[in-house]
Amino acid sequence: MCGITAAIGSIYPKILKATEQINDAQFHRGPDSGGFWSSINDQEKGVALAHRRLAILDLTSQGSQPMVDKITGNVITYNGEIYNYPALRQKLEKKGIKFYSDCDTEVILAGYRVWGESVLDYLRGMFSFVIWNAQENYAFCARDRLGIKPFYYSSVQNNDCNTLLIASEVKALLASSLIERKLDQESLENYLWNGFVISPNTIIEKIFSLPAGYKMVINLDGEIKCCESYWSMSKPNINSTSVESLEQELKEAVKMRLMSDVPVGVFLSGGVDSSVVAALSVQADIGAIKTFNLSFEEAEYDESIYARQVANALGTEHINVELSQSQFSAQLGDALESLDQPTFDGLNTYYISRAVSEIGIKVVLSGAGGDELFGGYRSFREIPLALKVNHYLNKLPRSLRQNLLTQVIRWNQGKGESFPAQTRWGKLKDLLFNRDIAHAYQVFYSLFTKDFQRQLLAKKDHQHISYGLTDFYENKFKESLKNEPILNAISELELAIFLGERLLRDTDATSMANSLEIRLPLIDHKVVNLVRGQTIKNRFYPLGKKYFLRNLMTDQLDTQLFERPKSGFVMPIEKWCRQGLKNEISQTFADQARLAKIGINADAVNALWKAFLDESPGLYWSRIWSIYILCWWCDRHDVVFQSEFE
Numbered sequence: 015m016c017g018i019t020a021a022i023g024s025i026y027p028k029i030l031k032a033t034e035q036i037n038d039a040q041f042h043r044g045p046d047s048g049g050f051w052s053s054i055n056d057q058e059k060g061v062a063l064a065h066r067r068l069a070i071l072d073l074t075s076q077g078s079q080p081m082v083d084k085i086t087g088n089v090i091t092y093n094g095e096i097y098n099y100p101a102l103r104q105k106l107e108k109k110g111i112k113f114y115s116d117c118d119t120e121v122i123l124a125g126y127r128v129w130g131e132s133v134l135d136y137l138r139g140m141f142s143f144v145i146w147n148a149q150e151n152y153a154f155c156a157r158d159r160l161g162i163k164p165f166y167y168s169s170v171q172n173n174d175c176n177t178l179l180i181a182s183e184v185k186a187l188l189a190s191s192l193i194e195r196k197l198d199q200e201s202l203e204n205y206l207w208n209g210f211v212i213s214p215n216t217i218i219e220k221i222f223s224l225p226a227g228y229k230m231v232i233n234l235d236g237e238i239k240c241c242e243s244y245w246s247m248s249k250p251n252i253n254s255t256s257v258e259s260l261e262q263e264l265k266e267a268v269k270m271r272l273m274s275d276v277p278v279g280v281f282l283s284g285g286v287d288s289s290v291v292a293a294l295s296v297q298a299d300i301g302a303i304k305t306f307n308l309s310f311e312e313a314e315y316d317e318s319i320y321a322r323q324v325a326n327a328l329g330t331e332h333i334n335v336e337l338s339q340s341q342f343s344a345q346l347g348d349a350l351e352s353l354d355q356p357t358f359d360g361l362n363t364y365y366i367s368r369a370v371s372e373i374g375i376k377v378v379l380s381g382a383g384g385d386e387l388f389g390g391y392r393s394f395r396e397i398p399l400a401l402k403v404n405h406y407l408n409k410l411p412r413s414l415r416q417n418l419l420t421q422v423i424r425w426n427q428g429k430g431e432s433f434p435a436q437t438r439w440g441k442l443k444d445l446l447f448n449r450d451i452a453h454a455y456q457v458f459y460s461l462f463t464k465d466f467q468r469q470l471l472a473k474k475d476h477q478h479i480s481y482g483l484t485d486f487y488e489n490k491f492k493e494s495l496k497n498e499p500i501l502n503a504i505s506e507l508e509l510a511i512f513l514g515e516r517l518l519r520d521t522d523a524t525s526m527a528n529s530l531e532i533r534l535p536l537i538d539h540k541v542v543n544l545v546r547g548q549t550i551k552n553r554f555y556p557l558g559k560k561y562f563l564r565n566l567m568t569d570q571l572d573t574q575l576f577e578r579p580k581s582g583f584v585m586p587i588e589k590w591c592r593q594g595l596k597n598e599i600s601q602t603f604a605d606q607a608r609l610a611k612i613g614i615n616a617d618a619v620n621a622l623w624k625a626f627l628d629e630s631p632g633l634y635w636s637r638i639w640s641i642y643i644l645c646w647w648c649d650r651h652d653v654v655f656q657s658e659f660e
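Printed below as a string of structure tokens:
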């Protein structure tokens, strides 16, 4: 688990310095060691690779990067873990390959020598890497199938020189001083819709993200010659995979992720997903298992009792990390610094990661992905219902539909003048006047109504508000969701957007800020494909119960432990915004020039803030927090919507 840096194309002194700056900015991702390698021809073209290492497997210097293939001269800088590398190593040894280390990095490099780009078909794990093909003078790059590990790039020009810069973080690319710190217009709208930016865009105009499951080839001129998908969730025939084969694959996925040369723990909230990972970790019988959870003083947010019950039943060494409002405030600066892009989520992972890292743990397993795969969220119930209601409403005259929805919204809003609700019932008009499932999904999760989002944007003439999706995802979903059963379609949306673009990205940034590696067995790509081969009944019903996962624990846990309303892992930020953070947020929103610099209408923001403080119905903390985080992040990194000369 590391940080990668690459520069491909024109390599001159300024680029070499920028490469070092990018690598230094990622020190937290790999404090154990760092490395640099370059190859430049007479025309000052070539490659510079750098690396920051968090040593997990083969702690010796033999595992250091960039790593050179002694036979071909190919060089790799790589971030991630390949869990099946011992089996791949044996396969390669049978082909006569000799190894000099005990790490997975060398296995990828040797696999590329033997299989070329098809090495991707063999890798089981999380990864992003750049391999410099020394014989053909091009770079081969790839990102793992679900998008667990990040991969960002930007093209920079100087006269006739072109260089493609690559890094594990957006902030690291900004540290090169070669990329204009300009906020992207489409990404701003995208952020206000989602509370995070969806790839391949980033919050910065000229920095892009390689999509999950994509590979890329970059030539000696720093040009992208190929960028294409090498994997997508397969569409097997229903009943094509047995429950037993899925159970076995999931157990294997957990066991693989316990492999490490340093101590391993498990995040345990007490919910179904984290409990099954903890239970399967105990079943793996590799020794004592440590489990961790984050708790709060506020009783309505604290579920530590459930985590403790599960830990006691499993016999794990359980550590509860309590986070008070004062501790949250004291560490908030560091927590915000960990965010690689603005996002309203992610801080919970920062605080638990910090505590676990301070204990001396370097690797933790997480239960992320269970809700997305097995229908644990409200979206699996409410989106099909909304589309069904919409089908019947569309048979009514438009004016009658408008009046009916207005009355429903007013009834939920209550009597008197109040701020327009931004929750689900406040977004009924946006939700019920479309038939596209991806758009319905986006409305379900949007932070604001379309009307209020328009008010938030200072520049009215450039707005192209749609549904918070990039063209990449609009096109992807039109194809991939075609003829899919509705619950399967929602699952794919949850995996791609909620998990892939939000949870995984935030988890990587905030955990790696604490030099902690998080592994996610539930979204092993083989597990995902086998899940998609299950019948709708076995996979989803009864909705929200996730019986498949529960059944894996029946020998170890009383499943009555999970018969309680789902709450999710939420910090008491709503209460803290009205208390300890109130003055800070008020000062931020009162600074009209600061808001204008990032294209936000101060009047709309302050109307929202006042309504929140007045506890107007239909306003969640995430609406306030998302704008505050956007202001903080852009101010901290000197990012502006447009320069004063434009």
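First residue of the sequence shown: 15, per our numbering; consecutive thereafter. Beta carbons: idealized from backbone N, C-alpha and C, even for Gly.
- Across the set D198, M526, N55, T602, the C-alpha of D198 shows the shortest separation from the C-alpha of G613.
- Taking I504 as the centre and dropping the five residues before and after it, the same chain places the C-beta of S393, F394, I397, Y455 closer than 7 angstroms to its C-beta, in chain order.
- Between F388 and F554, the CB-CB gap stays under 8 angstroms.
- Within the same chain, Cβ atoms closer than 8 angstroms to the Cβ of S259 are found at L544, the five residues on either side in sequence being excluded.
- Going by DSSP, M230 is part of the beta strand (DSSP E) stretching over 228 to 232.
- Assignment of beta-bridge partners to H332 by DSSP yields T305.
- A382 and Q57 have their alpha carbons spaced roughly 48 angstroms apart.
- By the C-beta criterion, the region 374 to 381 is judged to be in contact with the region 263 to 282, since at least 3 inter-stretch pairs fall below 8 angstroms.
- Here the C-alpha atom of T573 lies approximately 28 angstroms from the C-alpha atom of S367.
- Proximity to L575 across I212, L308, A325, C240 peaks at A325, based on C-alpha coordinates.
- If you check the CB distance, P80 and H65 come in under 8 angstroms.
- Only exposed fits R449, as fewer than 16 other CB atoms lie within 10 angstroms of its CB.
- Within a 10 Å sphere around the beta-carbon of A604 sit fewer than 16 other beta-carbons, which makes this residue exposed.
- Assignment of M81 by DSSP, reduced to helix, strand and coil, places it in the strand class.
- Listed as beta-bridge partners of A62 by DSSP are A21, S52.
- Taking a C-beta distance under 8 angstroms as the contact criterion, T91 and T19 qualify as a contact pair.
- Excluding the 5 residues flanking it on each side, K239 has same chain C-beta neighbours closer than 6 angstroms at V231, N233, in chain order.
- Under the 8 angstroms Cβ criterion, the region 336 to 344 counts as touching the region 301 to 314, having at least three qualifying pairs.
- Annotation for A189: Q35, I36, D38, A39 place their beta carbon closer than 8 angstroms to its own, counting only its chain and skipping 5 residues before and after.
- The Cβ atoms of D287 and G384 lie closer than 8 angstroms to each other.
- In terms of CA proximity to Q436, W207 leads the group W207, I29, V184.
- Annotation for Y97: no alpha helix (DSSP H) segment contains it, and DSSP assigns it neither H nor E.
- For the options I85, A148, A101, the alpha carbon positioned closest to that of S53 is the one of A148.
- If only complete runs of 3 or more residues are kept, the region 138 to 215 shows the beta strand (DSSP E) at 139 to 147, 152 to 157, 166 to 172, 175 to 181, in order along the chain.
- With contacts defined by Cβ atoms closer than 8 angstroms, A321 and I303 do not form a contacting pair.
- Collapsing the DSSP output to three states places R67 in a strand.
- Shown here, T91 sits in a strand according to DSSP, grouped into three states.
- Secondary structure note for L566: it is in no beta strand (DSSP E), with a DSSP letter that is neither H nor E.
- The beta carbons of L272 and S289 sit no closer together than 8 angstroms.
- By the C-beta density criterion, F281 is buried, having at least 16 other C-beta atoms within 10 angstroms.
- When the five nearest sequence neighbours on each side are left out, the beta carbons in the same chain lying within less than 6 angstroms of the beta carbon of A527 are those of H42, S352, in order along the chain.
- For G284, there is no enclosing alpha helix (DSSP H), as DSSP marks it with neither H nor E.
- Comparing alpha-carbon positions, the option among V257, G227, Q262 lying closest to W245 turns out to be G227.
- The DSSP assignment places 587 to 592, 596 to 604, 606 to 611, 616 to 627, 635 to 650 as complete runs of the alpha helix (DSSP H) inside the region 580 to 656, in order along the chain (cut-off: 4 residues).
- In terms of Cα proximity to F306, the closest of M247, E266, D316, A369 is A369.
- By the neighbour-count criterion, in which a residue is buried when 16 or more other Cβ atoms sit within 10 angstroms of its Cβ, H332 is buried.
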